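These notes concern the structure reproduced below.
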Amino acid sequence: MSQHTKTRVCVIGAGASGLCAAKFLSLDPDFFEFTVFERNNTIGGTWVYTDDTGNDEYGLPIHTSMYKNLRTNVPRELMNFPDYEKLGGDDGIHCCVTHEDMLKYLNDYTDFFDLRKFIQFNTIVERIIPETGAGDSATTWNVSVKNLKNNEVSKLKFDAVMVCNGHYAVPYIPAIPGIETFPGKVLHSHSYRRPEEFSGQRVTVLGGYVSGIDISSEISRYTSEVYLSHNKNELKCELPSNVKQVSGVQKIDGNKLVLNDGATIIADSLIYCTGYLYTYPFLDGSCNIVVDDNHVTPLYKHLINIHHPTMCFIGLANTVLPFLFFHVQVQYFLSSLKGVVKLPPRDVMLEQLKSEVIPKKKDYHKFDCKQWAYYKELSREGQFEPPANYYKNGFEAWKILRGQFPVNSKYFKFVLLEDGESVKYLKQDGSDFLDSEMKKCVFQC
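Residue 264 in full-length UniProt numbering is what sits at position 264 of the sequence shown, and the numbering runs on without skipping anything.
Encoded structure:
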């Protein structure tokens with residue numbers, strides 16, 4: 001791959017995906033040498049909570065989207081990396097753990113695999129430019145990084161790049177006519193921290209997905225009213241008594257919100273729970289990566305830059321088990337660098353990409369049930385161990401449970417049965433939750 005005896009790999013970010021990359025790279029020191037560049041002074045990425053919002057001490061936007069009382073969206077047992085099943089936080093009440101539990105787990109993972117020595121903290125990647133010789137495999141990556149403490153810029157060369165910067169840091173805020181007339185507080189969930197800030201208020205939460213439901217439920221203990229505004233079908237689930245579902249906001253006139261169905265409501269604060277943008281400001285145009293309505297392209301298997309296949313993007317998918325997804329993708333990419341995986345020619349990969357049906361660009365990286373076949377495919381081609389079946393069984397059952405009990409699902413207990421594959425969830429009284437519905441969901445997927 002280069003005149004060097006080892007393949008030099010640049011890893012961008014020391015969050016969960018970057019740490020996973022570092023772990024697998026470190027297992028093969030005869031083949032790889034690598035550096036992880038992290039803009040913060042610690043590992044953890046989005047799992048590093050801070051009360052601060054806005055910009056940090058270096059003038060950069062705060063990366064984390066954690067709020068004070070956040071718990072994971074899936075049970076503890078499904079958040080582990082398969083090769084380090086030591087996530088704590090079992091309080092006997094919640095099946096989902098806190099962000100403090102997650103950060104401790106990532107620190108433990110980092111220390112167990114002795115990864116800190118590979119990480120350059122307080123260092124931001126400013127520019128990545130490919131220098132291509134004869135054939136894709138001859139690409140050298142020119143990487144410019146800046147030390148945030150002394151502003152010193154270094155220009156480095158690598159044989160491969162693993163982009164692990166996450167996609168939950170740059171808020172997507174849809175335009176609403178008249179928003180400039182709104183007199184109250186306006187923020188995105190990225191900057192939401194504590195529910196007490198909204199005591200006694202009438203709050204409209206924009207977005208009916210997981211974060212919108214979670215935040216609506218949390219602030220309802222302090223607010224006078226919460227309007228959960230979205231354009232989906234009405235959620236058929238139990239919500240707090242002062243949380244009312246309404247249609248999307250068409251326009252704003254002062255503190256009056258006109259909804260798509262013609263109704264009007266009054267609000268003191270607005271919270272956008274409208275998702276995030278995929279952004280790669282450090283990529284030069286010659287990297288040939290385009291982000292169009294959150295569709296990152298052209299990538300082979302949602303992972304490898306087709307024009308420069310020694311560059312990958314770890315963890316673009318949503319509606320997946322994130323740590324499991326990182327675990328599989330990292331191994332596949334490293335297998336491609338080592339020649340275990342033989343990638344098709346560029347024109348074949350591009351043709352395959354063109355043949356894919358994309359209903360909505362913004363949903364392209366939404367996997368959901370597709371993740372299970374994806375894991376099997378990548379592990380088969382990459383010649384590594386596929387994930388255990390309990391991940392699928394546990395996740396698909398969890399979706400049904402969370403759909404019916406979005407507020408209280410985190411109080412159920414995850415139980416792995418004796419066969420090591422089947423999963424059930426127990427209510428607080430010890431009874432099973434809808435076993436027939438769980439089986440139906442697994443069958444559908």
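C-beta atoms are modelled at their ideal positions from N, C-alpha and C, and glycine is treated no differently. Here the structure is a predicted model, which is why all the values come from computation and not from measurement.
Which two residues bound the contiguous alpha helix (DSSP H) that contains Ala373? Taking the sequence shown and counting its residues from 1, one reaches residue 373 at position 373. Residues Lys370 to Gly382.
Tell me which same chain residues have a C-beta within less than 6 Å of the C-beta of Asp136, skipping the five on either side of it? Start at 1 with the first residue of the sequence shown, and residue 136 comes out as number 136. Confidence in Asp136 is poor, its pLDDT being 48 and thus under 50, which makes the residue's placement unreliable; the coordinate value appears in the next sentence. Cβ neighbours of Asp136 beyond the five flanking positions: Pro309.
Of all the options Cys312, Glu196, Ile213 and Arg39, which has the alpha carbon lying nearest to the alpha carbon of Arg221? By 1-based counting over the sequence shown, the position of residue 221 is 221. When each option's Cα is compared against that of Arg221, the closest is Glu196.
DSSP bridge partner residues for Asp432 (one or two, in chain order): On the sequence shown, residue 432 is found 432 positions in, with the first residue counted as 1. Answer by DSSP bridge pairing, in chain order: Leu426.
Based on DSSP bridge pairs, tell me the residues matched to Phe32. Within the sequence shown, numbered from 1, the residue matching residue 32 stands at position 32. Thr7, per the DSSP bridge assignment.
Enumerate, from N- to C-terminal direction, the unbroken beta strand (DSSP E) stretches of 3 or more residues contained entirely within the stretch 17 to 64. 32 to 37
For Glu356, is the classification buried or exposed, using 16 other Cβ atoms within 10 angstroms of its Cβ as the cut-off for buried? Mapped onto the sequence shown, residue 356 falls at position 356. Label assigned to Glu356: exposed.
Whose CA, out of Leu228, Asn142, Gly200 and Asp253, lies closest to the CA of Glu180? Position 180 of the sequence shown, counted from the start, is the residue given in the question as residue 180. When only C-alpha atoms are compared, the closest one is Asp253.
Check whether the Cβ atoms of Tyr58 and Val170 lie closer than 7 Å to each other. As a position in the sequence shown, residue 58 is number 58, starting the count at 1. As a position in the sequence shown, residue 170 is number 170, starting the count at 1. No, they are not a contact pair.
Three-way DSSP call (helix, strand, coil) for Ile12 in this model: For this step, residue 12 is matched to residue 12 along the sequence shown. Ile12: strand per DSSP, three-state reduction.
Cα-Cα, which of Thr264, Arg194 and Ser191 is closest to Tyr227? Counted from its first residue, the sequence shown places residue 227 at position 227. Per the Cα distances, Thr264.
Specify the secondary structure class of Val326 as computed by DSSP and reduced to three states. By 1-based counting over the sequence shown, the position of residue 326 is 326. Sequence inspection shows Phe at residue 326; the Val mentioned does not correspond to that position. Helix, per DSSP.
Does Phe367 come out as helix, strand or coil in the three-state DSSP assignment? Reading the sequence shown from its first residue, position 367 is the one you call residue 367. DSSP places Phe367 in coil when its eight states are reduced to three.
Just to check my reading of the structure: Val246 and Ser224 have Cβ atoms closer than 8 Å, yes? What is that Cβ distance to the nearest angstrom? Along the sequence shown, read from residue 1 onward, the residue named residue 246 stands at position 246. Along the sequence shown, read from residue 1 onward, the residue named residue 224 stands at position 224. In fact, because the Cβ distance is near 15 Å, the residues do not count as touching under 8 Å.
Rounded C-alpha distance that separates Asn294 from Ile358: If you number the sequence shown from 1, residue 294 lands on position 294. If you number the sequence shown from 1, residue 358 lands on position 358. Each residue's alpha carbon lies about 12 Å from the other.
Using the beta-carbon count (16 or more within 10 Å), is Ser189 buried or exposed? Taking the sequence shown and counting its residues from 1, one reaches residue 189 at position 189. Buried.
Three or more C-beta pairs below 8 Å linking the stretch 7 to 18 and the stretch 31 to 51: yes
According to DSSP, is Ile289 helix, strand or coil? On the sequence shown, residue 289 is found 289 positions in, with the first residue counted as 1. Coil, per DSSP.
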